[in-house]
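Trainee: Okay, here's the structure, questions in a sec.
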Amino acid sequence: MTRLTKRGLLAVVLLLIALMTPAVADASSSHTLIQGSGSSWAANAINQWVADVANSGEQVVFTANGAAQGRKDFANEANDFGVSDVPFLGKDPTTGQADTSEGRAYAYLPIAAGGTAFPYHVEVGGKLVRNIRLSGQTVAKIFTSTITNWDDPAITKDNNGLALPSIPIIPVVHSEGAGVTNQFTRWVAKEYPSIWAPCNGGIDAQTEYFPLNCGKSSGNEKAQSGSDGVMNFIKSSGANGSIGMEEYSYPLLSNFPAAKLLNKAGYYTLPTQYNVAVALTRAVIDNNPASPTYLTQNLDHVYTNPDKRAYPLSSYVYAIIPTSATDPRMTTAKRQTVADFLYYSICQGQSEIGPIGYSSLPINLVTAGFSQIAKLKAADAGVNLTNRNVSTCHNPTFIAGEPKVNHLAQIAPQPPACDRLGAGPCAAGVGAYNGSKPSNAANSTATGGTTTGSGAVTPRTPVAAGSPAGGELGGTGTSDGAALAQTGAVVPATLGADANSGPSTLLTVVLVGLFGLVVAVPAGLGALLVRRRGPIS
Amino acid sequence: MTRLRLKTSPRRSAVALVALTLGLAGVGIAAPGQAAVEPASTVVSRPASGTSAVTRTETVVRQSFAADGSTTQVDRRTVRLAVSATTNLRGRQELNVTWTGAHPTGGLVSDVNSSAGVNEEYPFVLLECRGVDSTGVPAAKQLSPETCWTQTSVERYNSNLNTTYPAWRSDAFETDANRARIVGAPSPRPHACPRAAAAERWIPMIAASGTVYEGGDFGCAGQAPEASNIGGTGLPSNATYGITGTDGGGSAEFSAWTEDENATLGCSSSVPCALVAIPIMGISCDGYGTRLPAADRPDSATGSDAQAQCQSPDVFSPGQIAVPGTQPNLATSGALWWSASNWRNRITVPLQFAVSSNVCSVVSKEKPLAIYGSTLLNELTAQWEPKFCTDEKLFPFVHVQTAEDSARTLLNVGNVEGAFGSRMPDGGFGRPVVQAPIAVTGFAISYVIDDANGRPYDKLRLDPRLLAKLLSQSYPVNSIGKGSDPAIAANPVNITEDPEFQALNPGLPHYTAVEAASTLLTLSSDADMVYALTSYLNDDPDARAFLDGKADPWGMVVNPAYKQVRLPVYSWPLQDDNLATSAYISGGNNPCYTHSPGPYLSLVANPTAFVSTIVLNMQYAISNVGIACPNGDPNDVSTLKLSTQGRQQPGFRFVLGIVPLSSIARYNLTAASLRSGPPPTTAGGSAARAADTVSAGTYVAPDNAGLRAAAALFTADKAAKTWKVDYDALQTAAARTAYPGTLPVYADIPTTGLPAADASKFATFLTYAAGAGQTAGLLNGQLPPGYLPMTRANGLGALAGYTARAALAVKAQRGFVPSLDAADDVTTPTSQGGTGPSSPSAPIPGATPGSPAGSPALGSAAAPSTSVALFRTVGHDSPLGRLGLPLMLLTFLLLGAAGMLLRWSEVIVPVVVSAGRVARPRTPGKRKGSS
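The listed protein sequences correspond, in order, to chains G and R. Residue numbers are given in this note's numbering: position 186 of the first sequence equals residue 186, and the series is strictly consecutive. Residue numbers are given in this note's numbering: position 313 of the second sequence equals residue 1313, and the series is strictly consecutive.
Here it is, written out as structure tokens:
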């Protein structure tokens, strides 16, 4: 073979390789394993993110050992980030337990929103009742053991006169220091001090350790360990009459009902991603970057949000990240992994957690979150934050061009009439819509740009996923099933051309043209080269 | 033996090599200076494991030096070490390490990965160390105790307040300098450190970066960032104080770490590391200092004391459990693993790590497509996602792991666009949805059980009735459970006492004090794999009869709380509500339980919400039994939290849990063989005969052969357009080799209502799943172990073919659901005015009757369905479009090259040139050749 042939073949091979070589992944920054611990309230979301980021080479180990322990681990330098529903309290306002970071420098960063739900187990005639609704006052009295039976007139009133049979109530709380306990007790201390203080040893304050049976040595109230323990107890067959408090994702994943809670506008709502987003538009966030509690929440106005859709017991959960340049646990690679994991969590991670029981962060908190992540770079110039900003952030609460508006809260569906105080109650599943695409679902499940006659029906109450057969309070809401008629549009009437299959004649012309080029160019090129170098020997 | 192994042929390796070469060349051309490129790094990133096992044999000795310098041999042993894999390792890969011939261990601790292990006598220490164990490399690249990882400072700092001659100073093989009173202390001494003790030895940690972490008392002089002096969070340490049984043998699972897990240690494909096994033999004592220069020797009285100190008798006998507060014999303890006497007995097994796998960009341009559902696909999607995000012809997607049934319901009402699951929802989908098979896999019953020698047992056989007994809480657990459940008090206390279990697994010890041996860890959230498990129990006559109240041949009865339990279910119900006896509650032995008593047996079962928890528990033999009350103080409410029991003591371990089959290979777990085929008839006869009968059944391991045989028994449900596991067929003779935990996993995708862009992506996903995705292997985009490739060779061509056709229907979004058999879609005319020309597609038969009460199914039969013509689209999967162009280019480039040789160009060129002249007058004279 001649040199020329070799060169030609090499060119061919190189060209082929160039054609075959797929997109080049960007030079990924160096990551290393990080460990976090804390809130089981947020664990369902965090576990999903941990699984997601593995494909970016980020290894994250999260231990859901409760918010109190997560903060303790942070203080003890036993984790790389903590997750907690509350900031360091100094000391627990009720038990007096010390609660500081013991000097480890930190920043808070909201990572998810959600609602504290009240999953319950009430069977009537052997079937699980799935559409119970309760007012805040009733809930407060249940967990302070002043309402002790499901046939209590207050519960009957909440359910528009439909009475449950006599079943003793078994309230179920967490036995460990839990964020959910803190969420609940803060709410009840603020909203119902006269009910709460006597139960909490006369102290009208929040706590992470629930005063079981109001401090009495016995009673109907049970403390169970962790979210698993609480849900296992409620689901067990002997727990008929039980009601617990848990992040909404837990009842959803177990297909167990949660009580609708009365809001200030007089509607009973569930902590769907929409209702939580609406409620949190009234959260007062500490916006002073100099404050040690920067970005933490004051939920007083969330509890009383007058929107018809609001779920009163909505809140944010926080990551606690170490910010000192001399933090003994941190390295550049660890800071990078913390930064990238949190970037994923507050951006793309927000888009997938709605249907599993959480709600997404609004843009102001995401933007502020970026400023907190930037502290990792301030501590260590080796951290790479290029392109990790709002413009690359796939978060469902923003919409292009309208950064100030919480998209999710805007598109949140209105509650059905049967969820109003004095009406209903709605059938199971009504008013529980929690989908990822509300506008679509509200209109019809048909998209694709074609409209049918039935598809034009005005959006009515969307139905929730999962309203399995079960007992229910004979509600009026079943008529809402009529709204489902809109979904007749599942079959589009017209067909668009297949987008990707162009006319075959064009393809033929292109091929013929390429054929010509391919035949002529190497030959011509060869000829040129040959002439330059003289005849082939 | 049921560990899954991946087989690779030499031929595949050769292909990989070629691909590697090409890919590397491609880097230079396409992206100079860029980091890893897809084919290059992935080829070597996840290669086969299990093919590089190594065994080593080493003779180890302990000597003694008398005052006159004469030596005697105290002990001599021949240690044989086997490591299951040593090359192409991935981070956190578990290596099985087994050994024989070592000195039996005394003073056993429960967690061999904790720093408490330094107090064992004669442990078999396993460490990961950086460097090469050879004097032939520069000192900085050599392996030494200073480059070996330990999690805590205790493991690399020794001090003694009382004597200036602790055992380590009498080490005959130590250098003169290292036998000084204080060795290795930083100078100046940090203020945070206590005043110098009578004798000290510091073993600093030298990081891969060169940084030296001095350590010291509680890390007072600085510790590596990965180090921690308190355990409890995150991954357990990999430093192991392994336990050697009284027969000289032992085993451990060792987790190999790369720089991704531990940057200080810093092992990678380019930084060599090794597993160092140090069979602790004890210090070879030279208390008199006969090997030291005369000036450095202690006086004779001191020397005599030092020698006595060094030759102290052992505190524990072999196999004895550690006694809290009792100090071991220092000279033979794990604390001196670094001493020259022990270190010289080391066995070094080099570990070679694979190049890190190609990964997705942290910042993604495109919002990934989300598919919700099945945890059975976790390992598959973990391997496919990097392929999809790095291949620009594909697109990023994300698998949101959630309960399958909830994902299906979300899909049914349009809340999500795609779901993974293993079965048709009850009553079918209420809208046109294809159920396209993605993978054939299943569930496994994973376990860690130590046999009578304290060694991991790997031949576990279980039948449906044993699983039913475990799940139905029919073992009373202990005396407390017997008190709370008198109806089952006469039953065997746990499975190890059950004659049926003993018949299947002869010779296993009776773990009467291990609560976890009475339960099977399962999920509290819903899962299709639990539905499959309970279907398997429900269809087995013996298991069903037991649950219905019939005693087993040995007289064991079901817990009345579960009598006639309705199966199958998505999550196992907790039905025993009995509290422990009031005597136990008020007894004060368990203040946490006293604080808030709950159903006792349910606390023992303690199902968890996360598959990952079960996998972790099986990997580390952690008992999830939630009745422990560590540090419970009745006066401090914050301590009164019932906890899980935690890690079990090696040698006495017994945990069982249900896991996805793919976790078995990924985490090196062990899986039980399950009974399949015709049920043995145990009716009548003596108990002894019953034992023979159950033992005579056929038990099938979850390997590819077992999956293949089970998949052959899938029944095609033409009406529902899906394949189902036929649990009745699993009772037939044809199922003797079929693994009963086998399950298909489907992608459920609507064929109407999706935006065109997403429909197109889903179609691409299905096409990939039907083709390239079924190539078995550990590379990105391939099918990991634990999944049976859906190929014709495995008898699953029809499933893959259906997925390919489903892709077309998804792409078209015309509400058409293809029939299982392609022929059915082109022959019969429609009878219902459905959306397809042939089969009724929009309302899946049976959708309406079964739909939940009070919520009419979406798109039910009442929906106005419009008749549309169906035709196959061409663009998406056209072989011409995909292959035609590259093939033609290749052919003609080659032809062109050949043409240069054949000189026919000389004929054509003038024609072309003249044509060019006609078209456009050229400027003459610029080039010789063109004029």
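Each residue gets a CB set at the ideal place from its N, CA and C atoms; glycine is no exception. Since this is a predicted model, take the numbers as computed values, not measurements.
To be precise: take each residue of the segment 221 to 232 of chain G, compare its Cβ to all Cβ atoms of chain R, and keep it if any distance is under 9 Å. Which residues remain?
Mentor: Glu221, Lys222, Ala223, Gln224, Ser225, Gly226, Ser227, Asp228, Gly229, Met231, Asn232
Trainee: For the beta strand (DSSP E) containing Ile1749 of chain R, name the first residue and the last one.
Mentor: 1742 to 1750
Trainee: With a threshold of 7 Å between beta carbons, is Asn159 of chain G in contact with chain R?
Mentor: no
Trainee: With a threshold of 7 Å between beta carbons, is Asp419 of chain G in contact with chain R?
Mentor: no
Trainee: So, Gly1442 of chain R versus Leu1743 of chain R, is the Cβ gap smaller than 7 Å?
Mentor: In this structure, Leu1743 of chain R lies closer than 7 Å to Gly1442 of chain R by Cβ.
Trainee: Quick check on His596 of chain G: buried or exposed, where buried means 16 or more other Cβ atoms within 10 Å of its Cβ?
Mentor: Lying before the first or after the last residue shown, residue 596 of chain G is absent from chain G, which here runs from 1 to 537.
Trainee: Can you pull the DSSP bridge partners for Leu1089 of chain R?
Mentor: Within the DSSP bridge table, the entry for Leu1089 of chain R names R:Phe1353 as partners.
Trainee: Evaluate contact between the segment 1305 to 1317 of chain R and the segment 1325 to 1333 of chain R, counting only Cβ atoms and requiring at least three cross-stretch pairs below 8 Å.
Mentor: yes
Trainee: Tell me the rounded alpha-carbon separation between Phe1173 of chain R and Ala1067 of chain R.
Mentor: 16 Å
Trainee: So, does the CB of Gly448 of chain G fall closer than 7 Å to a CB anywhere in chain R?
Mentor: The predicted position of Gly448 of chain G is uncertain, since its pLDDT is 30 and thus under 50; a value taken from the coordinates is nonetheless stated next. Taking Cβ atoms only, chain R reaches closer than 7 Å to Gly448 of chain G, which makes this a yes.
Trainee: Applying a beta-carbon distance threshold of less than 9 Å, which residues of chain R neighbour Gln59 of chain G?
Mentor: Gly1091, Arg1092, Asp1260, Glu1261
Trainee: Tell me the residue span of the alpha helix (DSSP H) that contains Val188 of chain G.
Mentor: Element bounds for Val188 of chain G: 179 to 191.
Trainee: Do the segment 234 to 250 of chain G and the segment 1627 to 1641 of chain R make contact, defined as three or more Cβ pairs closer than 8 Å?
Mentor: no
Trainee: Report the option in R:Leu1126, R:His1103, R:Val1530 whose CA atom is closest to the CA atom of Ser1114 of chain R.
Mentor: R:Leu1126
Trainee: Closer than 7 Å, Cβ to any Cβ of chain R: which residues of the segment 360 to 393 of chain G, in chain order?
Mentor: Asn387, Arg388, Thr392
Trainee: Measuring CA to CA, which of G:Ala51, G:Ala283, G:Ile373, G:Ser37 is closest to Leu1380 of chain R?
Mentor: G:Ala51
Trainee: Does any C-beta atom of chain R lie closer than 7 Å to the C-beta of Tyr209 of chain G?
Mentor: yes
Trainee: Using three-state DSSP, classify Glu1200 of chain R as helix, strand or coil.
Mentor: Residue state for Glu1200 of chain R is assigned as strand, using DSSP reduced to three classes.
Trainee: Might you give, ordered along the chain, the residues of its own chain that have their beta carbon closer than 7 Å to the beta carbon of Asp204 of chain G, omitting 5 neighbours on each side?
Mentor: Ala189, Pro193, Trp196, Ala197
Trainee: Looking at the strands, I want to know which residues DSSP matches up with Gly1216 of chain R.
Mentor: According to DSSP, which records beta bridges pairwise, Gly1216 of chain R is partnered with nothing at all.
Trainee: Per DSSP, what kind of secondary structure is Ala1759 of chain R in: helix, strand or coil?
Mentor: Of the three classes helix, strand and coil, the one that applies to Ala1759 of chain R here is helix, per DSSP.
Trainee: Flag Ser1662 of chain R as yes when its Cβ comes closer than 6 Å to any non-hydrogen atom of the ligand ADP, and as no otherwise.
Mentor: This structure lacks the ligand ADP; in fact it carries no ligand of any kind.
Trainee: From Trp1723 of chain R to Val1440 of chain R, what does the alpha carbon distance come to, in whole angstroms?
Mentor: 11 Å
Trainee: Along the segment 1589 to 1615 of chain R, what residues have a CB closer than 9 Å to any CB found in chain G?
Mentor: For chain G, the residues of the segment 1589 to 1615 of chain R that bring a beta carbon within less than 9 Å of one of its beta carbons are Cys1592, His1595, Ser1596, Pro1597, Gly1598, Pro1599, Ser1602, Leu1603, Ala1605, Asn1606, Pro1607, Thr1608, Ala1609, Phe1610, Ser1612, Thr1613, in chain order.
Trainee: Would you mind telling me which residues of chain R sit closer than 8 Å to Leu128 of chain G, beta carbon to beta carbon, in chain order?
Mentor: Per Cβ cutoff of 8 Å: no residues; Leu128 of chain G is ~12 Å from chain R at best.
Trainee: My output table needs one value for His31 of chain G: the three-state DSSP class, helix, strand or coil.
Mentor: coil
Trainee: Could you give the first and the last residue of the continuous alpha helix (DSSP H) run that contains Phe1388 of chain R?
Mentor: 1378 to 1390
Trainee: Three-state secondary structure (DSSP) at His1191 of chain R?
Mentor: coil
Trainee: In this structure, how does DSSP classify Tyr586 of chain G when only helix, strand and coil are distinguished?
Mentor: Outside the modelled stretch of chain G, which goes from 1 to 537, sits residue 586 of chain G, for which no answer is possible.
Trainee: CB-CB under 6 Å to Leu517 of chain G, same chain, minus the five flanking residues each way: which ones, in chain order?
Mentor: Correct list: empty, nothing qualifies.
Trainee: Against chain R, does Thr32 of chain G count as a neighbour if the rule is that its beta carbon must be under 7 Å from one of theirs?
Mentor: yes
Trainee: Can you list, in chain order, the stretches of the alpha helix (DSSP H) that have 4 or more residues and sit fully within the segment 276 to 336 of chain G?
Mentor: 300 to 303
Trainee: For Pro355 of chain G, decide whether its Cβ has a neighbour in chain R, counting only Cβ atoms nearer than 7 Å.
Mentor: yes
Trainee: Can you give me the C-alpha to C-alpha distance between Asp1391 of chain R and Asn1119 of chain R, rounded to a whole angstrom?
Mentor: 53 Å
Trainee: Check whether the Cβ of Leu253 of chain G lies closer than 7 Å to any Cβ atom in chain R.
Mentor: yes
Trainee: Would the beta-carbon of Leu313 of chain G fall within 7 Å of that of Thr63 of chain G?
Mentor: no
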